[in-house]
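Note that the protein sequences, when read in sequence, are chains S, Y, G and Z.
Be aware that the first sequence starts at 201, since it is given in this note's numbering, and climbs by one per residue.
Be aware that the second sequence starts at 201, since it is given in this note's numbering, and climbs by one per residue.
Be aware that the third sequence starts at 201, since it is given in this note's numbering, and climbs by one per residue.
Be aware that the fourth sequence starts at 201, since it is given in this note's numbering, and climbs by one per residue.
Glycine included, C-beta positions come from ideal geometry on N, C-alpha and C.
Fair warning: this is a prediction, and the values are worked out from it, not measured in the lab.
What follows is a set of notes on a single structure, which appears directly below.
There are 4 protein chains.
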Amino acid sequence: MENGLDLQRILDKTAEDCRALTGDGKPASYIPELATVNPKLFSISAATLDGAVLSSGDTNARFSMQSMSKVISLAFALERFGHDDVFSKVGMEPCSEPFNSIMKLEMTSNHTPLNPFINSGSIVMAGLIAERLGESALEEVLGFASRMTGNKRGLEVNERVYRSESMTADRNRSLAYFMHSIGTLSFDVERSLDLYFRMCSIEVGTGDLAVMGATLANAGKSPATGEQITSLDNSYTVIGIMSVCGLYNESADFAVKVGVPAKSGVSGGIVCAVPGKMGLAVFSPPLDAGGNSVAGVKALSGLSRQMKLRGI
Amino acid sequence: MENGLDLQRILDKTAEDCRALTGDGKPASYIPELATVNPKLFSISAATLDGAVLSSGDTNARFSMQSMSKVISLAFALERFGHDDVFSKVGMEPCSEPFNSIMKLEMTSNHTPLNPFINSGSIVMAGLIAERLGESALEEVLGFASRMTGNKRGLEVNERVYRSESMTADRNRSLAYFMHSIGTLSFDVERSLDLYFRMCSIEVGTGDLAVMGATLANAGKSPATGEQITSLDNSYTVIGIMSVCGLYNESADFAVKVGVPAKSGVSGGIVCAVPGKMGLAVFSPPLDAGGNSVAGVKALSGLSRQMKLRGI
Amino acid sequence: MENGLDLQRILDKTAEDCRALTGDGKPASYIPELATVNPKLFSISAATLDGAVLSSGDTNARFSMQSMSKVISLAFALERFGHDDVFSKVGMEPCSEPFNSIMKLEMTSNHTPLNPFINSGSIVMAGLIAERLGESALEEVLGFASRMTGNKRGLEVNERVYRSESMTADRNRSLAYFMHSIGTLSFDVERSLDLYFRMCSIEVGTGDLAVMGATLANAGKSPATGEQITSLDNSYTVIGIMSVCGLYNESADFAVKVGVPAKSGVSGGIVCAVPGKMGLAVFSPPLDAGGNSVAGVKALSGLSRQMKLRGI
Amino acid sequence: MENGLDLQRILDKTAEDCRALTGDGKPASYIPELATVNPKLFSISAATLDGAVLSSGDTNARFSMQSMSKVISLAFALERFGHDDVFSKVGMEPCSEPFNSIMKLEMTSNHTPLNPFINSGSIVMAGLIAERLGESALEEVLGFASRMTGNKRGLEVNERVYRSESMTADRNRSLAYFMHSIGTLSFDVERSLDLYFRMCSIEVGTGDLAVMGATLANAGKSPATGEQITSLDNSYTVIGIMSVCGLYNESADFAVKVGVPAKSGVSGGIVCAVPGKMGLAVFSPPLDAGGNSVAGVKALSGLSRQMKLRGI
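Encoded structure:
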């Protein structure tokens, strides 16, 4: 692996090259608050397993986790409730439908979301957490997320994004009411959605996400603090699902281009866990048709080849 | 990584432990010839990137590639026709339906198979090869497969399996006629299927498959002969699709349990490419409900943890 | 056609025979208020085109229209907004999915409900009426329904049923939010649903429904009052859709057994329009698996044969 | 009802008016032999229940039954094997998918065709007849069809159409192989399809079809010969399914426009059974997007209003 100086140089070069790509694609517009972002922002960070965090670009940029929070809620649920409990509520299967598809829920015999990284599956995770932890649910998830990202001041919900998200959530409401009608979501619909929207609205920077990726890449032990955030087995589970389901129906395309476990969000962020090597995160708002950051995928593809992140 | 002596010991221990599991699951029965196999056979092989091949168990067992041949046909088509040509005929998306599902073909607007590792996608690959290469198609594919597996005597089609396969292929015929009706399969249906069945019936041992995996794991260069079998880019493509689509709708489950790119076949074989590290192959006929070798998955799961194949 | 005395005798005999069948099937239970009904109630009415209304059984029984109100909302919308306006919002196709299915909405390219008699289609009708008529929507629909059923005191919403319906409407909420997310339902979700639930909760007896059927059977002119309630063309439209879509996926089964245009509701009612002959209505709460009254279908099947309602 | 003179005048006027519409739509082209027809042909016939047959237009035009033969195969199977036997093989449900759709077969739990009037359902009928009657199957079906159409010389298969059909039947082959793979079609695929194609290729004129419709409209008793061709119950079954499933997903549209039980074929024919009144048939090759004769639907719509065929 590269030493720190080389790695910084690689990140700087990547930021320089890929910033030019921020003219391609379009920022998410279905959540009004996301559409107000500056599309030219670009930030990239790497967190090595010895605790270093290197960044380049608009490193102060803050953005909401969106679907990257599905990694948090899955890891949190696995730690709190155990593997069997979690996977009695959601499946562990690839998904060929878009992230917000509802028809699979009706077509499959058990009406269970295919995996915890599509919207329906993550709403079920939110419902489970909200039901079991009651009033303290959000606080506990935020604490877990802060420790997993090594963020000492503590992560918080961006209230403007949360309100925007909650008000424009027809499709997620449809998914939640459908799942409640068939018993897949046992907890109250609006309270489940409320936690889901708040988790999506947790505000981070690429430095936070890189440490989160590095924690998973380090078998669950934070390289920032040395704390064991998830068990080894739970890190295998989260990383495994990231590798197959992390970029929705572009997951295979990403596996070909980049080849490392990752999770994207419609805010334009992508977090990667390169097992045994490092965590990586990138942020650039314009998205491709599949809802993934155009410049982000490009940057990670280049880094993967240059640093042989997949092993070759 | 372990040295040769340690690796042999690990394989021996795995063979010993996992042979006991061959009572679970059931060999494939829908192809009559596959049902005649001895369900107690168990074989495992590893091929390192320095050219060594180590095996344990019933190392003389020969079996048909079945869906593992989809790796061969994809790699062959990529080398001969190029990435863009190939992916104008099939998609590169995960699949939540069973391997022989037809409804997605009708539901999607372009009627293109989701990826080259489901039956419909691989039939399209076979049709493409048969159409372009004419009479020499099978011979060329066999030559390519022999070089990719490092098999010096040359791989051959098991004629009994081929005939059995061809006679009990209602579902594959249905897929092929459907695709022909909508133009997705442009070549003659029966000739496309004929090459497809013959490729599925190519006979191998775990040693052959381990070298095939090692070739991909070595960026396309055979560790057995030093020959560049596929380009670096094509090895990325094949490995990437293996990691997301290699075990059908159990792909995510396998990513959690084993975490390395792989492809299974209903004969009971599984081939793995661990990039930068080694190729692995296992054979044990009894299958789980998803059509994957029970003892094979178990063996690979143990090896992956013991040798930290995913990096952690 | 039979004279009045014969017809009364036929109804009495039918009531006597079919009351015995009220032990089969089960009243709807997903709306709690419907589950409180006496399952042994049985009522049947016929309204001839010369204005006579004959009834037998528990003729004072009152029940909610449920899906039979879809006839009212379609007829009302056709009269107020015209054929082209209405059928730019919903389709006119048979439906092989259950009445509350959502997946077709996602699968079809224009995301339009297949017809106005499945829940999604009728919610769109309710949304259209609520949007166009504002505060007076319910009052106008009730007025129209009263005239169509010849009910002089005026039909009213059963408030207990309405509240029960509104509180247990997960699936309908899911449908409405889904359609709002894709633009198929343009009006406010909760206000659209509110009118939909209130229309479902309009309370009637079989006498009311028989006159409603007779009005359609009389080319839109009420045999009770002589008023032209719908145009001839609109009566063709409503009757045509009743004949193909009136009993959901049991519509063909009903066409074989009874062979006249009809619409059922989960309260246990069925209303029939026998063009040029009469209106018929039956009420018996226990339902078959398809959501249609067991004794009701049986009674109508017998009447159809005895009175040659389909012409033979 | 009109007397013979009036009826002939109505048919003549209809032929004159609707012939002008034969420029709209396009003849079926997927079966090459059908594309060779003269698109300007127009023929219409009515058969009254007292045995008269009146025709107008190109009354000598002969064409293949295509999907109208599904009425023959259903009626034949009902008479030979009984209602319960037939409906253990196919369903009795409306269908919202196109006539040659395959996905419903995979999606439904019992993999049974929705009804005997979609291609899959009719192939199952053909397989049942071919299996039970062996070598004499075609001869017996032709005999039955001849009696049902009152054709004294005997109906025959158009060999050119049959060969054209058989050679361009990818989609039907796909359906048949799919159903054979899951056991829905128990008989040999190619022999089932062969009888299916031959039945589709039976050559008729509108006079034949009108008598066939009149036979069903007369409770199964031929007005031409007085022979009871089907039982009363079987006539109810065939007519009921015609009214809900006769024009595929345009069945509701046709019920609104015409409002009588009917069955169409891609050769451009439509046969109607007006229970207790008459049989009607029309022929004009150009089809709408749903595969139904443009001028044919128009002609029947006019006749229905003029003669109050639906009762109003």
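Quick one: what does DSSP say Z/PHE281 is sitting in, helix, strand or coil? As a first step, residue 281 of chain Z must be located in the fourth sequence, where it is residue number 81. Note: Z/PHE281 maps to helix in three-state DSSP.
Spatial neighbours of G/SER401 within its chain, please: CB distance less than 7 Å, with the 5 preceding and 5 following residues excluded, ordered by chain position. Residue mapping note: residue 401 of chain G aligns to position 201 of the third sequence, counting from 1. These residues qualify, in order along the chain: SER264, VAL357, ASN358, VAL361, TYR362 and GLU365.
Chain Z partners of Y/SER374, CB-CB under 7 Å? Against the second sequence, residue 374 of chain Y aligns to sequence position 174. Taking a Cβ-Cβ threshold of 7 Å, the residues of chain Z close to Y/SER374 are SER374, TYR377, PHE378 and SER381, in chain order.
Do the CB positions of G/SER161 and Z/ILE512 come within less than 8 Å of each other? With chain G represented from 201 up to 512, any question about residue 161 of chain G goes unanswered, as that position is not in the structure.
Listing by chain order, which chain Y residues have their CB less than 8 Å from the CB of S/ILE441? Counting from one through the first sequence, the residue named residue 441 of chain S turns up at place 241. Within 8 Å Cβ-Cβ: ALA452, ALA455 and VAL456.
Report the neighbours of G/SER296 on chain Z: residues whose CB is nearer than 8 Å to its CB, in chain order. Translated into the one-based positions of the third sequence, residue 296 of chain G becomes position 96. Residues of chain Z passing the Cβ test: GLU293, PRO294, CYS295, SER296, GLU297, LYS304 and LEU314.
Enumerate in chain order the residues of its own chain whose CB-to-CB distance from S/PRO294 is below 8 Å, with the five nearest sequence positions on each side excluded. Walking along the first sequence from the start, residue 294 of chain S turns up at place 94. Correct list, in chain order: LEU314, ASN315, VAL444, CYS445 and SER451.
Measure how close the beta-carbons of G/MET499 and G/THR214 come, nearest whole angstrom, since I'm counting them as under 8 Å. As a working note, residue 499 of chain G is residue 299 in the third sequence. As a working note, residue 214 of chain G is residue 14 in the third sequence. It should be pointed out that residue 499 of chain G corresponds to Ala in this sequence rather than to Met. Indeed, because the Cβ distance is near 5 Å, the residues count as touching under 8 Å.
Kindly indicate the opening and closing residues of the alpha helix (DSSP H) around G/LYS304. On the third sequence, residue 304 of chain G is found 104 positions in, with the first residue counted as 1. DSSP places G/LYS304 inside the alpha helix (DSSP H), whose first and last residues are 303-307.
Rounded C-beta distance between Y/GLY354 and Y/ALA414? I'm assuming under 8 Å. To locate residue 354 of chain Y, count along the second sequence from 1; it is residue 154. To locate residue 414 of chain Y, count along the second sequence from 1; it is residue 214. Not confirmed; about 19 Å, so no contact.
Write down the C-beta distance between S/VAL456 and S/SER504 rounded to the nearest angstrom, noting that I regard them as a contact closer than 8 Å. The residue you call residue 456 of chain S lines up with position 256 of the first sequence. The residue you call residue 504 of chain S lines up with position 304 of the first sequence. Approximately 11 Å separates the beta-carbon atoms of S/VAL456 and S/SER504; this is outside 8 Å, ruling out the contact.
In or out: G/GLU297 buried (at least 16 other Cβ within 10 Å) or exposed? Along the third sequence, one-based indexing puts residue 297 of chain G at 97. Around the C-beta of G/GLU297, 16 or more other C-beta atoms lie within 10 Å, and the residue is accordingly described as buried.
Distance cutoff 8 Å, beta carbons only. Does S/ASP370 sit that close to anything in chain G? Locating residue 370 of chain S in the first sequence gives position 170, where the first residue counts as 1. It does; some Cβ of chain G falls within 8 Å.
Following the continuous alpha helix (DSSP H) through Y/GLY496, name the residue where it begins and the one where it ends. One-based indexing of the second sequence puts residue 496 of chain Y at position 296. Membership of Y/GLY496 in the alpha helix (DSSP H) is indicated by the continuous run 494-506.
Starting from G/MET307, find everything on chain S with Cβ-Cβ shorter than 7 Å and list it in chain order. One-based indexing of the third sequence puts residue 307 of chain G at position 107. Scanning chain S for C-beta atoms nearer than 7 Å to the C-beta of G/MET307 yields MET303, reported in chain order.
Checking contacts by CB at 8 Å: is Z/ASN492 closer than that to chain G? Sequence index remark: in the fourth sequence, residue 492 of chain Z carries index 292 (1-based). Output row for Z/ASN492: interface = no.
Give a yes or no on whether the C-beta atoms belonging to Y/GLY476 and Y/ALA410 are separated by under 8 Å. Position 276 of the second sequence holds residue 476 of chain Y. Position 210 of the second sequence holds residue 410 of chain Y. Not in contact: Y/GLY476 and Y/ALA410 (Cβ atoms no closer than 8 Å).
Residues that Z/THR410 contacts on chain G, provided the C-beta gap is smaller than 7 Å: For this step, residue 410 of chain Z is matched to residue 210 along the fourth sequence. Position check: residue 410 of chain Z holds Ala in this sequence, whereas Thr was assumed. Here the premise fails: no neighbours, minimum Cβ distance about 17 Å.
Excluding the 5 residues flanking S/LEU432 on each side, which residues of the same chain have their C-beta closer than 7 Å to its C-beta? By one-based count along the first sequence, residue 432 of chain S stands at place 232. Here the set comprises ALA419 and GLY420.
Looking only at its own chain, which residues have a Cβ that is under 7 Å from the Cβ of G/VAL389, when we skip the five neighbours before and after it? As a position in the third sequence, residue 389 of chain G is number 189, starting the count at 1. Apart from the 5 residues on each side of it in sequence, G/VAL389 sits with its Cβ closer than 7 Å to the Cβ of ALA376, TYR377 and HIS380 in its chain, given in chain order.
From which residue to which residue does the alpha helix (DSSP H) around S/LYS463 run? Numbered from its first residue, the first sequence carries residue 463 of chain S at position 263. Per DSSP, S/LYS463 lies in no alpha helix (DSSP H); the unbroken beta strand (DSSP E) holding it starts and ends at 462-464.
Using a Cβ-Cβ cut-off of 8 Å, state whether Z/CYS218 counts as contacting chain G. Locating residue 218 of chain Z in the fourth sequence gives position 18, where the first residue counts as 1. With 8 Å as the cut-off, Z/CYS218 does not count as an interface residue toward chain G.
Where does G/ASP217 land, buried or exposed, given buried means 16+ other C-beta within 10 angstroms? As a first step, residue 217 of chain G must be located in the third sequence, where it is residue number 17. The residue in question, G/ASP217, is exposed, as its Cβ has fewer than 16 Cβ neighbours within 10 Å.
Residues that DSSP places opposite Z/SER243 in a beta bridge: Translated into positions along the fourth sequence, residue 243 of chain Z becomes position 43. Answer is Z/GLY257 and Z/PHE483, bridged to Z/SER243.
Neighbour flag for S/VAL444 against chain Y, beta carbons, 8 Å: Mapped onto the first sequence, residue 444 of chain S falls at position 244. Chain Y contact via Cβ: present.
Could you check the C-alpha separation between S/ILE231 and Y/GLY465 for me, to the nearest Å? Here residue 231 of chain S refers to the residue found at position 31 when the first sequence is read from its first residue. Here residue 465 of chain Y refers to the residue found at position 265 when the second sequence is read from its first residue. Distance between the alpha carbons of S/ILE231 and Y/GLY465: 44 Å.
Straight-line Cα distance separating Z/ASP206 from Z/GLY282: Position 82 of the fourth sequence, counted from the start, is the residue given in the question as residue 282 of chain Z. Position 6 of the fourth sequence, counted from the start, is the residue given in the question as residue 206 of chain Z. Looking at the two C-alpha atoms, the distance is approximately 40 Å.
For Y/LYS457: DSSP bridge partner residues: As a position in the second sequence, residue 457 of chain Y is number 257, starting the count at 1. Per DSSP, none; premise fails for Y/LYS457.
Under 9 Å from the C-beta of G/LYS477: neighbouring residues of chain Z: The residue labelled residue 477 of chain G in the question sits at position 277 within the third sequence. Correct list: GLY511.
Cβ neighbours of G/VAL474 in the same chain (closer than 6 Å, five flanking residues each side left out): Along the third sequence, read from residue 1 onward, the residue named residue 474 of chain G stands at position 274. Excluding residues up to 5 positions away in sequence, ALA417, VAL460 and LEU509 lie with their Cβ nearer than 6 Å to the Cβ of G/VAL474 in the same chain.
Whole-number beta carbon distance between Z/ASN238 and Z/ASN319, since they are thought to touch under 8 Å: In the fourth sequence, the residue the question calls residue 319 of chain Z occupies position 119. In the fourth sequence, the residue the question calls residue 238 of chain Z occupies position 38. Not really, about 26 Å apart at Cβ, beyond 8 Å.
To the nearest angstrom, how far is the alpha carbon of Z/SER245 from that of Z/LEU254? As a first step, residue 245 of chain Z is located in the fourth sequence; it is residue number 45 there, counting from the start. As a first step, residue 254 of chain Z is located in the fourth sequence; it is residue number 54 there, counting from the start. Spanning the two alpha carbons is a distance of roughly 6 Å.
Have a look at G/ALA527 and G/GLY257 and give me their C-alpha separation to the nearest angstrom. No information on residue 527 of chain G is available, as it lies outside the stretch 201 to 512 that chain G covers here.
Using only CA atoms, which one of S/THR312, S/THR349, S/THR384 and S/SER392 lies nearest to S/GLY334? Here residue 334 of chain S is taken as the residue at index 134 of the first sequence, counted from 1. Minimum Cα distance to S/GLY334 is reached at S/SER392.
Between which two residues does the beta strand (DSSP E) harbouring Z/ILE470 extend? The count along the fourth sequence starts at 1 and reaches residue 470 of chain Z at position 270. Counting along the chain, the unbroken beta strand (DSSP E) around Z/ILE470 starts and ends at 469-474.
Can you pull the chain Z residues whose beta carbon is under 9 Å from the beta carbon of G/TYR230, in chain order? Position 30 of the third sequence holds residue 230 of chain G. Chain-order list of chain Z residues neighbouring G/TYR230: empty, with the shortest C-beta distance near 21 Å, by a criterion of under 9 Å.
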